[in-house]
Amino acid sequence: MSDDTPIPATHDIGGLARFHCTPVEHDEVPPDGFGRKVDALRQVLAQKGLMTVDELRRGIESIPEPEYFALGYYERWLRSITALMIEKGHVQKDVME
Numbered sequence: 005m006s007d008d009t010p011i012p013a014t015h016d017i018g019g020l021a022r023f024h025c026t027p028v029e030h031d032e033v034p035p036d037g038f039g040r041k042v043d044a045l046r047q048v049l050a051q052k053g054l055m056t057v058d059e060l061r062r063g064i065e066s067i068p069e070p071e072y073f074a075l076g077y078y079e080r081w082l083r084s085i086t087a088l089m090i091e092k093g094h095v096q097k098d099v100m101e
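Take a look at the structure:
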């Protein structure tokens, strides 16, 4: 008999003591200028049919653990968007470097 218990992914950290989770702040914090630009980019790409929120999430969840925790919230979004645009052939990797 095999153990089918799923191994948590990097992004799935809810309740893990090693992260010393604190209560969630319920006050809305507006994104900074960088965050607003990344969100605007995501919205434009979605409106043009070039990406979906599901693809954004898949990209974020596939970021390797060390990089995931080194990046900020919107930096993860940008990393995901960039990888997705390269994957779909909308931009070339060498242009993004």
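Going letter by letter, the sequence shown gives residues 5 to 101 in our numbering. All C-beta atoms in this analysis are idealised placements derived from N, C-alpha and C, irrespective of residue type, glycine included.
Contact belief for Ala87 with Gly63 at Cβ below 8 Å, rounded distance in angstroms: 5 Å
Arg80, buried or exposed, once every other Cβ within 10 Å from all chains shown has been counted against 16: buried
Nearest-angstrom Cβ-Cβ length linking Met100 and Ile90, presumed shorter than 8 Å: 7 Å
Beta-carbon separation (whole angstroms), Gly39 vs Tyr78, contact threshold 8 Å: 4 Å
Val42 burial status per 10 Å Cβ neighbour count (16 or more: buried): buried
Cα-Cα separation between Gln96 and Leu82, rounded to whole angstroms: 16 Å
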